[in-house]
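Protein chains in written order, with our numbering: chain A, 25 to 423; chain B, 103 to 237; chain C, 782 to 1341. Backbone N, C-alpha and C fix where the C-beta goes; we use that ideal spot for every residue, glycine too. Worksheet: one structure, shown below.
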Amino acid sequence: MNAPATLAERIRGGDRRALARAITAVENETGEAASIRAALAAHLGRAQVTGITGPPGAGKSTLVNALVKVLVGYGRRVAVIAVDPSSPVSGGAVLGDRVRMSEMQGHDAVFIRSLAARGHLGGLSRTTAQVIDVLDAAGFDDVLVETVGAGQSEVEVAKVAAHRLVVCPPGLGDDVQAIKAGILEIADAFVVNKADLPDAARTERELRAMLALRSGTAADAQPPVLMTVATNGEGVAALADWLIARGRQAPPRAAGGPRPASDAAALLERLIARDAFARHLGLELLEAGEGRAAVRMRVGPEHVNFWGSCHGGAIFSLADTALGLACNSYGSVAALIDSHMVFSVAVKAGELLTARAEEVSRTRKLGVYRMEVRREDAVLVASLTGTVYRTGKPLPGEA
Amino acid sequence: MAEQRPPKVIVTKIGFDGHDRGSRVVAAYLRDAGMEVVYTPPWQEIAAVVKLATEEDADVIGVSSLATDHRLVPKLMAALRSAGLEDVRVIVGGIVPPKDERLLLEAGVARVFHPGGALGDIADAVRALTHERRR
Amino acid sequence: MNKPINRPVAQTELEQAERRWQAAFEASPGAARRAVNRSGFEVKPLYTPQDWPGERYLETLGFPGEYPHTRGIYPSMHRGRSWTQRQLIGLGVPEDYNARLKALLAHGASAVSLIPCNSVFRGYDADEVPEELLGTCGTVVNTVDDMARALADIPIDRISCALNDPSPFTLLALVLAVAKRRGIAWTKISGTSNQSDCISHFVANHMFFRLALPGARRVLVDHIAFCNAQVPGWNPLSVVGQHMQQAGATPAEAMAFTLASAIQYAEDCQARGMDPDSFLPRFTFFFDISVSFFEEIAKFRAGRRLWAKIARERFGAKDPKAWRFKFHGQTSGVDLTRQQPLNNIARVAVQAMAGIFGGLQSLHTDSYDEVLSVPTAEAARIAVATQNVLREEAQLTEVIDPLGGSYYLESLTDQMQAHIESIIARIDAAGGMYQAVEQGLVQRMIGDSAFAFQKRVERGEQTIVGVNAYQTEEDPDAYSVLEYPQRERIAAQLARLAEYKAQRLNAPVASALDALARAAQGSANVMASVVAAAEAGATHGEICACLRRELGFGQPLAIV
Chain A
25 MNAPATLAER IRGGDRRALA RAITAVENET GEAASIRAAL AAHLGRAQVT
75 GITGPPGAGK STLVNALVKV LVGYGRRVAV IAVDPSSPVS GGAVLGDRVR
125 MSEMQGHDAV FIRSLAARGH LGGLSRTTAQ VIDVLDAAGF DDVLVETVGA
175 GQSEVEVAKV AAHRLVVCPP GLGDDVQAIK AGILEIADAF VVNKADLPDA
225 ARTERELRAM LALRSGTAAD AQPPVLMTVA TNGEGVAALA DWLIARGRQA
275 PPRAAGGPRP ASDAAALLER LIARDAFARH LGLELLEAGE GRAAVRMRVG
325 PEHVNFWGSC HGGAIFSLAD TALGLACNSY GSVAALIDSH MVFSVAVKAG
375 ELLTARAEEV SRTRKLGVYR MEVRREDAVL VASLTGTVYR TGKPLPGEA
Chain B
103 MAEQRPPKVI VTKIGFDGHD RGSRVVAAYL RDAGMEVVYT PPWQEIAAVV
153 KLATEEDADV IGVSSLATDH RLVPKLMAAL RSAGLEDVRV IVGGIVPPKD
203 ERLLLEAGVA RVFHPGGALG DIADAVRALT HERRR
Chain C
782 MNKPINRPVA QTELEQAERR WQAAFEASPG AARRAVNRSG FEVKPLYTPQ
832 DWPGERYLET LGFPGEYPHT RGIYPSMHRG RSWTQRQLIG LGVPEDYNAR
882 LKALLAHGAS AVSLIPCNSV FRGYDADEVP EELLGTCGTV VNTVDDMARA
932 LADIPIDRIS CALNDPSPFT LLALVLAVAK RRGIAWTKIS GTSNQSDCIS
982 HFVANHMFFR LALPGARRVL VDHIAFCNAQ VPGWNPLSVV GQHMQQAGAT
1032 PAEAMAFTLA SAIQYAEDCQ ARGMDPDSFL PRFTFFFDIS VSFFEEIAKF
1082 RAGRRLWAKI ARERFGAKDP KAWRFKFHGQ TSGVDLTRQQ PLNNIARVAV
1132 QAMAGIFGGL QSLHTDSYDE VLSVPTAEAA RIAVATQNVL REEAQLTEVI
1182 DPLGGSYYLE SLTDQMQAHI ESIIARIDAA GGMYQAVEQG LVQRMIGDSA
1232 FAFQKRVERG EQTIVGVNAY QTEEDPDAYS VLEYPQRERI AAQLARLAEY
1282 KAQRLNAPVA SALDALARAA QGSANVMASV VAAAEAGATH GEICACLRRE
1332 LGFGQPLAIV
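Laid out in structure tokens, this is it:
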């Protein structure tokens, strides 16, 4: 194997074999992986990374093929990562996605790599982000990451892709549970494929209705719902144009993932990572910004009380964590001094709860926040109102 | 770490034959043996298989041939060499008359498998060839 | 034993005798062994009137030629007229095919069947593909001249012709062009479009898959309408259960998927405004016959009874001809082995018998060397001789449905029917065959069955003589293998193709292909335009290329 510095030159010079081998090293974290990544680190930031997820039957691969065709037609160089699940029994995998993109997979401007999830949950493999970095450094304009959305939340995609498409087949309206709350959170756009089928219009309406149910987001800030017929290309150019326009507005990507939308968001990611109790409860940060946060918890057996329902303290802690992050997002310490919690609905083990914190008011010394805790089906299970005292002191560890 | 990663195998058909029951059974078997299999439908162009092997950094290419498509395999071997992929091992499975089997081996094919053989033999061969390639 | 346990106290003599036998049987060696057939049904050691009391003979069996046709679709079946010996052949260039065809006809084959070269299956002319693949597995036929040479001296107005010819049915178009040249009216042409079942190609035998499914679906109905009107002696549809079974479906599944496909095609014809009494009589079927002897016979009898019911009740057909389940059987090549290939002669004989007892209308017996390569002339002769032996020495044509009334066979037929109906219900619930295959439902079922069978073989639960039992040392060079067509003959064929293209008038060809494209874009009958193009001199590859552009060559949906 050549010295990594030369390898970087070869990769950026278009040597596909060297690129593929570098991906192998990085995917499998071999001995050379670290030096390869180091050699490529200086060349990141060009690629626009788009995650494409959705339930089986949505025609994802056909859509990706059509989208790639348009992008290549615009003169862009496109890399595709197709992630397939591994067998939990044998660890092996059949990687069949790439050949469903039959038309574009032979094109010179296209590079396709299949990855097996290898037991990693959430739709990606453990090292997908690093593989994206290699493709970014190689000079591709677009990196599309296609995953199998088996109905569980594809939060992983949010971590590696700045642009997230969720593809739905028509008829999904009958079973909106197939789109779990987590996917609603991460999607930047919904694509209703096979839009020529009769159910498509209804699916569009049901999706928009579900999005509107989410409180705290203005109607015009809702993710768009785009209609496509991937088999004949209808709507695909519009999708590509939307994506490219969005890409122009986003900051260039950094190693490992999209830069958070703001400094506040980056701060909150750091804070929750340091919160031992949040870790202990298994809390996960979904969204963050100035004065707002969304945190998620799966109710496990350790959260359950003596009569089999989720312990109120656990629900309180979830809401309180969202509160704590939201009010500390300005960079100085704020502490809860008074709160009032109302529990509306009992929660069973296994449920997925999301707490959203919104700022009601804020003065120099005080802040009032309202938190709503909802189940996956958007039913409100508890609400918390809290008053915080803003000390003005800097957060420890954040100089 | 590198040795623990599973073999990356392409299972494909070149030429005109469309009978893919055998190749699907082999692909499923190799998956159940813990391998990562890139499975293609029939009628792949040779250039497409070369591109596939390049991008996927495949260890082994398994060509399934039930009609006389194996007659194209020497062209595949030549294309792989031109693309700098001479280290990728090629095995052929299917209906191959004895005289043609000799010609294939001479063209650089590592093994030829016949119908009725044990799938375990194919898996063992893939593992051995992968190990060879990665050394 | 499957009898109710709460019976009136007085036990009949029959039951007592049964108990005695049961006790004696269980004391015998090997009594504990369970037997399961390929469709997954448990097979008992003995069947008695308890299993099939034989009541309601007219309703459940009936007489041959009368609804529900269980015992046969015609009153006299093979006793009156033997099954058609229709051997599939195809190799090399048209002259080679013609010679082989004449030899087989002399040896007793009574009909024509043509397998074209794989390049033709893929929709190409000989000058568009690698030379080493030409003529190795079928005959190269691209032009009306080629077809004329292939059928030289064959009386196509008197002999029936089966064409392995998927959508858009260019081979039929070439045959019709040849007929016109010879002054033979199309009303005299008889035969079958053997590969018209586009659903089975999408699912199972991808070899024949050409046009993308929506396009193929429409062209099929055009084809049926065209033939019903212009070539009334032709069977435009052959629903091919063989593909599903060869891909790994169990016999019951294969029959179920076949009937479900036929239902789907019939619905499409009805939607086009066609009358079931006019199109159903020209629906035919094509099945694999495996070596699981009794199961196959039961499968065919169940299928025949079910189809009569479906035609009469589901589609409301009134003409008794519309209820007839006409089928061709081919001995299953999947059961043949490469090891000890002469054993295959025995296998084929058993498979053929099952088909004959099952009441088929025409039969193809495989050559023993089918697995090694394209069959040699000697092996092809033995295959035809096998049929002759069965008919004339074993006298299998003398009695109609000889196994009818057997306690085993009738209860197995009933079991098969119930299972087939439940699978059809599943397909109906999924919205019909087209929906079911787009969802991958059928492919998954077939894949599971294929994998399960493979596992049984590997574990030794299913014996295959010479492969996992009774093995011998192999001598790979022991059996003569057909040589590939000589380079000179292929070169000559290519030269003839070039000459043909150079000599013909191009303007009518261009105009006809243009008309074909417009027909595909609109709603005019595509088949009529295909035939017109063939008559104008367009080649097979040119016709396919035109429709490839307009309707798309899809990829089959494979599930691993």
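* What are the boundary residues of the beta strand (DSSP E) that includes Gln-868 of chain C? -> Looking up residue 868 of chain C in the third sequence gives position 87. No beta strand (DSSP E) holds Gln-868 of chain C; DSSP gives it neither H nor E.
* Contact with chain B by Val-1341 of chain C, beta-carbon distance below 7 Å -> As a position in the third sequence, residue 1341 of chain C is number 560, starting the count at 1. With 7 Å as the cut-off, Val-1341 of chain C counts as an interface residue toward chain B.
* Asked: Closest by CA to Thr-829 of chain C, which one among C:His-1004, C:Ala-798, C:Glu-1094?
  -> Within the third sequence, numbered from 1, the residue matching residue 829 of chain C stands at position 48. The option with the nearest alpha carbon to Thr-829 of chain C is C:Ala-798.
* Please confirm whether Trp-1015 of chain C and Gly-964 of chain C have their CB atoms less than 7 Å apart. => Here the question's residue 1015 of chain C lines up with position 234 in the third sequence. Here the question's residue 964 of chain C lines up with position 183 in the third sequence. Contact flag unset, no.
* Asked: Cβ of Ala-220 of chain B less than 7 Å from any chain A Cβ?
  -> For the purposes of this step, residue 220 of chain B is taken as the residue at position 118 of the second sequence. No - not a single Cβ of chain A is within 7 Å of the one on Ala-220 of chain B.
* Asked: DSSP puts Tyr-413 of chain A in a beta bridge; with which residues?
  -> Residue numbering aside, residue 413 of chain A sits at position 389 when the first sequence is read from its first letter. Its beta-bridge partners are A:Ala-359, A:Leu-390.
* Asked: Under 7 Å between C-beta atoms, does Ala-180 of chain B make it to chain A?
  -> By one-based count along the second sequence, residue 180 of chain B stands at place 78. No, its Cβ sits nowhere closer than 7 Å to a Cβ of chain A.
* **Asn-329 of chain A to Gly-143 of chain A span [Cα, whole Å]** => Here the question's residue 329 of chain A lines up with position 305 in the first sequence. Here the question's residue 143 of chain A lines up with position 119 in the first sequence. Between Asn-329 of chain A and Gly-143 of chain A, the C-alpha separation is close to 31 Å.
* Give the straight-line distance between the Cα atoms of Leu-390 of chain A and Leu-309 of chain A, rounded to the nearest whole angstrom. => Position 366 of the first sequence, counted from the first residue, corresponds to residue 390 of chain A. Position 285 of the first sequence, counted from the first residue, corresponds to residue 309 of chain A. So the two alpha carbons sit approximately 24 Å from each other.
* Asked: Who are the near neighbours of Val-198 of chain B in its chain, counting only those whose CB is closer than 6 Å to its CB and skipping five residues on each side?
  -> As a position in the second sequence, residue 198 of chain B is number 96, starting the count at 1. Here the set comprises His-172, Val-214.
* Per-residue burial, Tyr-838 of chain C [other beta carbons within 10 Å of its own, 16 or more giving buried] -> The sequence position of residue 838 of chain C within the third sequence is 57, counting from 1. With fewer than 16 other Cβ atoms within 10 Å, it is exposed.
* **Where Met-1055 of chain C sits in the DSSP three-state scheme** => In the third sequence, residue 1055 of chain C corresponds to position 274, counting from 1. Coil.
* Asked: Just how far apart, CA to CA, sit Leu-43 of chain A and Val-158 of chain A?
  -> Indexing the first sequence from 1 puts residue 43 of chain A at position 19. Indexing the first sequence from 1 puts residue 158 of chain A at position 134. Going by the C-alpha atoms only, they are around 8 Å apart.
* To do: Determine which residues share a DSSP beta bridge with Phe-1066 of chain C and list them.
  => As a position in the third sequence, residue 1066 of chain C is number 285, starting the count at 1. According to DSSP, Phe-1066 of chain C bridges with C:Val-1020, C:Phe-1108.
* chain B contacts made by the region 315 to 340 of chain A, where a contact means CB separation under 8 Å -> none
* Looking at C-alpha atoms only, which residue of A:Ala-359, A:Ala-117, A:His-131, A:Gly-336 is the closest neighbour of Leu-347 of chain A? -> Taking the first sequence and counting its residues from 1, one reaches residue 347 of chain A at position 323. For the residues A:Ala-359, A:Ala-117, A:His-131, A:Gly-336, the minimum Cα distance to Leu-347 of chain A belongs to A:Ala-359.
* To do: Following the continuous alpha helix (DSSP H) through Glu-1323 of chain C, name the residue where it begins and the one where it ends.
  => Along the third sequence, read from residue 1 onward, the residue named residue 1323 of chain C stands at position 542. Counting along the chain, the alpha helix (DSSP H) containing Glu-1323 of chain C begins and ends at 1321 to 1332.
* To do: Give me the Cα-Cα distance between His-859 of chain C and Phe-1106 of chain C, rounded to the nearest whole angstrom.
  => Here residue 859 of chain C is taken as the residue at index 78 of the third sequence, counted from 1. Here residue 1106 of chain C is taken as the residue at index 325 of the third sequence, counted from 1. Taking the straight line from one Cα to the other gives about 15 Å.
* Taking only runs that begin and end inside the region 1239 to 1303 of chain C, name each unbroken beta strand (DSSP E) of 3 or more residues, in chain order. => none
* **Positions along the region 1313 to 1336 of chain C whose CB lies within less than 8 Å of some CB in chain A** => Gln-1336
* **For Cys-918 of chain C, the three-state DSSP class (helix, strand or coil)** => Start at 1 with the first residue of the third sequence, and residue 918 of chain C comes out as number 137. If DSSP states are grouped into helix, strand and coil, Cys-918 of chain C belongs with coil.
* To do: Report all residues from its chain with a CB closer than 8 Å to the CB of Arg-1330 of chain C; omit the five preceding and five following residues, and keep chain order.
  => For this step, residue 1330 of chain C is matched to residue 549 along the third sequence. The residues are Ala-1298.
* Asked: When the cut-off is 7 Å and only beta carbons count, does Val-104 of chain A lie next to chain C?
  -> The residue you call residue 104 of chain A lines up with position 80 of the first sequence. With 7 Å as the cut-off, Val-104 of chain A does not count as an interface residue toward chain C.
* Assign Ala-1041 of chain C to one of two classes, buried (16 or more other C-beta atoms within 10 Å of its C-beta) or exposed (fewer than that). => Along the third sequence, one-based indexing puts residue 1041 of chain C at 260. It counts as buried.
* **Simplified DSSP state of Val-1341 of chain C, which is helix, strand or coil** => Indexing the third sequence from 1 puts residue 1341 of chain C at position 560. Three-state result, Val-1341 of chain C: coil.
* Asked: In chain C, which residues lie less than 9 Å from Ala-129 of chain B when you measure between Cβ atoms?
  -> The sequence position of residue 129 of chain B within the second sequence is 27, counting from 1. Result: Val-1341.
* **chain B contact for Ser-138 of chain A (CB, 7 Å cutoff)** => Within the first sequence, the letter at position 114 stands for residue 138 of chain A. Interface residue, yes.
* **Backbone CA spacing between Val-88 of chain A and Ala-213 of chain A [nearest angstrom]** => The residue labelled residue 88 of chain A in the question sits at position 64 within the first sequence. The residue labelled residue 213 of chain A in the question sits at position 189 within the first sequence. Val-88 of chain A and Ala-213 of chain A: Cα-Cα distance of roughly 15 Å.
* First and last residue of the uninterrupted beta strand (DSSP E) at Lys-110 of chain B -> Residue mapping note: residue 110 of chain B aligns to position 8 of the second sequence, counting from 1. Run containing Lys-110 of chain B: 110 to 114, per the beta strand (DSSP E) assignment.
* Please list the partners that Leu-118 of chain B has in chain C, where partner means a Cβ-to-Cβ separation under 7 Å. => For the purposes of this step, residue 118 of chain B is taken as residue 16 along the second sequence, with counting starting at 1. Per the sequence shown, the amino acid found at residue 118 of chain B is Phe instead of Leu. Ordered by position in chain C, the residues that pass the 7 Å Cβ test against Phe-118 of chain B are Asn-899, Ser-900, Phe-902, Arg-903, Leu-914.
* To do: Give the interface partners of Cys-918 of chain C over in chain B, defined as CB-CB distance under 9 Å, in chain order.
  => To locate residue 918 of chain C, count along the third sequence from 1; it is residue 137. Under the 9 Å cutoff, chain B gives Phe-118, Asp-119, Ala-169, Thr-170.
* By DSSP, does Thr-227 of chain A sit in helix, in strand, or in coil? -> Here the question's residue 227 of chain A lines up with position 203 in the first sequence. Three-state DSSP puts Thr-227 of chain A in a helix.
* To do: For His-1145 of chain C, write down the residues that DSSP places opposite it in a beta bridge.
  => For this step, residue 1145 of chain C is matched to residue 364 along the third sequence. Answer by DSSP bridge pairing, in chain order: C:Gln-1111.
* Is it right to say Val-369 of chain A is buried, meaning 16 or more other beta carbons lie within 10 angstroms of its own, or is it exposed? -> As a working mapping, residue 369 of chain A is identified with position 345 in the first sequence. Val-369 of chain A comes out exposed.
* Asked: So which residues of chain A does Gly-210 of chain B contact, with C-beta pairs closer than 9 Å?
  -> As a working note, residue 210 of chain B is residue 108 in the second sequence. Residues of chain A passing the Cβ test: none, with the nearest at roughly 18 Å.
* Asked: Does the distance from the C-beta atom of Val-249 of chain A to that of Glu-230 of chain A stay below 7 Å?
  -> By one-based count along the first sequence, residue 249 of chain A stands at place 225. By one-based count along the first sequence, residue 230 of chain A stands at place 206. No.
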